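Q: For the sequence shown, position 224 (counting from the first letter as 1) is numbered 223 according to numbering that gives the first Met the number 0, and the numbering increases by one without interruption. We put the CB at the ideal spot given by N, CA and C, even for glycine. Source: prediction; values computed, not measured. Just dropping this structure here.
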Amino acid sequence: MIAVAGGSGQVGRWLAELGGPEVVALTSSELDVTDGEAASAILKDLAPKWVINCAAHTAVDAAEAEPELAAAINSQGAENLARAASSAGAKFIQVSTDYVFGESNILSEPLVENHLRAPMSVYGKTKSEGEDAVRAVCEDSTIIRTAWVYSGPGRSRLGLPGSDFVTTMMALESSRDTLTVVNDQYGSPTFAHDLAVGLLQLVKTGAGVGSTMHAAGGGRATWFELARAVFEESDADPERIRPCTTKDFPRPAPRPAYSVLSSQAWRCAGLPPLRNWREALSAAMATR
Ligand SMILES: NC(=O)c1ccc[n+]([C@@H]2O[C@H](COP(=O)([O-])OP(=O)(O)OC[C@H]3O[C@@H](n4cnc5c(N)ncnc54)[C@H](OP(=O)(O)O)[C@@H]3O)[C@@H](O)[C@H]2O)c1
């Protein structure tokens, strides 16, 4: 059995959907990672073979104003859960982020797993500290970094609240004539479904256990390119989206200009790479 913390989030819901009865997806009210004792008791009771931590404070901008809460969930919470999993004899997977990386001088080479971490935001810093804390308490835990996660139209079928970048662009397509989107940040858009498929393959095969790996959509895109692709998939005119720079669109949290992830270690472990982001987006837009 696989216990998933953060089970009502995007990746958690896809894991539950794809993993069937083998996956026990726990919501934040069923398993609060900030309460270490309760987490230990729950995992002891469930006795899972695997624990996947999808729980996180993922509101990158909001985290700047609430660093203690972000640290409690992303750093201390990850440590609590890793310790609880270890005591329960379960293998542990920590899901982490491309935002553990900072500004990179190399704008053409996807970032490999041992690239220097230099987080720029509270979110990135607390997730990076979470990686270290998890390793410290559970040496053979597996850290999977992903990026720019979205679910798209499948959100409503999965009962996911809120929105992601893709659903936001779909909503803006119906309400706005034109919009400007940042075109100087490069990343690896990742369909949450594809990440969940990959995580379940990891669990099934045990490939790469104990290592740090990247699992993200193939290729690279800017937010502008991703937004245009959403419009194309919606049969809307992509020319309605105009490019702008990060400076034109200031946000509370700084973001790296380049955080494209290389999935080299994932491939070397024998795990099938996630689809190219554009192909994945088409599939996501067809998932209603
Ligand atoms: N979203 C992205 O673009 C992105 C990019 C890179 C990496 N990641 C990483 O991927 C993983 C999954 O992200 P996601 O997109 O699925 O996130 P998400 O949709 O925001 O879900 C996060 C989940 O964490 C839960 N949570 C928050 N505080 C908690 C607590 N104290 N105890 C237990 N659960 C708690 C939330 O539950 P409530 O809703 O009940 O609060 C929510 O279900 C995270 O580790 C994230 O850092 C995400």
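1) I need the DSSP call for residue 30, collapsed to helix, strand or coil.
2) Would the beta-carbon of residue 0 fall within 8 Å of that of residue 16?
3) Can you tell me which residues form a DSSP beta bridge with residue 243?
4) Less than 8 Å between the C-beta atoms of residue 133 and residue 229, yes or no?
5) Kindly indicate which residue of 9, 2 and 39 has the alpha-carbon position closest to the one of residue 155.
6) Does DSSP classify residue 113 as helix, strand or coil?
7) Hey, residue 40 and residue 31: beta-carbon distance below 8 Å or not?
8) Whole-angstrom Cβ separation of residue 85 and residue 43, contact assumed at under 8 Å?
9) Look up residue 223 in the DSSP assignment and give the residues it is bridged to.
10) Just to confirm, is the Cβ distance from residue 55 to residue 193 under 8 Å?
11) Is residue 193 near ligand 1 - that is, is its Cβ less than 7 Å away from at least one heavy atom of it?
12) At the 8 Å Cβ level, is residue 221 part of the contact set with chain C, yes or no?
13) Excluding the five sequence neighbours on either side, which residues of its own chain have a C-beta within less than 6 Å of the C-beta of residue 290, listed in chain order?
14) Could you tell me which residues DSSP puts in a beta bridge with residue 217?
15) So the alpha helix (DSSP H) residue 124 belongs to, where does it begin and stop?
16) Just confirm the distance between the C-beta atoms of residue 191 and residue 150, as a whole number of angstroms; I'd bet it's less than 8 Å.
17) Using 8 Å as the threshold, is the C-beta distance between residue 26 and residue 70 below it?
18) Can residue 260 and residue 140 be called in contact, C-beta distance under 8 Å?
19) Just curious, the alpha helix (DSSP H) that residue 171 is in, first and last residue?
20) For residue 146 versus residue 189, is the C-beta spacing smaller than 8 Å?
21) For residue 276, which residues from the same chain have a beta carbon less than 7 Å from its beta carbon, with the 5 sequence-adjacent residues on both sides left out?
22) Could you pull out every residue in the same chain whose Cβ sits closer than 6 Å to the Cβ of residue 90, ignoring the five residues on either side in sequence?
23) Suppose only complete runs of 4+ residues qualify. What are the alpha helix (DSSP H) ranges in the segment 43-108, listed by chain order?
A: Walking through what the data contain:
1) coil
2) no
3) 181
4) no
5) 9
6) coil
7) no
8) Wrong, their Cβ atoms sit about 11 Å apart, outside the cutoff.
9) Paired residues: none, contrary to the question.
10) no
11) no
12) Looking for chain C here will not work: only one protein chain is present.
13) In the structure as shown, the chain begins at 0 and stops at 287. Residue 290 is therefore absent and cannot be evaluated.
14) 275
15) 121-136
16) 5 Å
17) no
18) no
19) 164-174
20) yes
21) 187, 188, 216, 217, 218 and 220
22) 49
23) 59-64, 66-70 and 76-86
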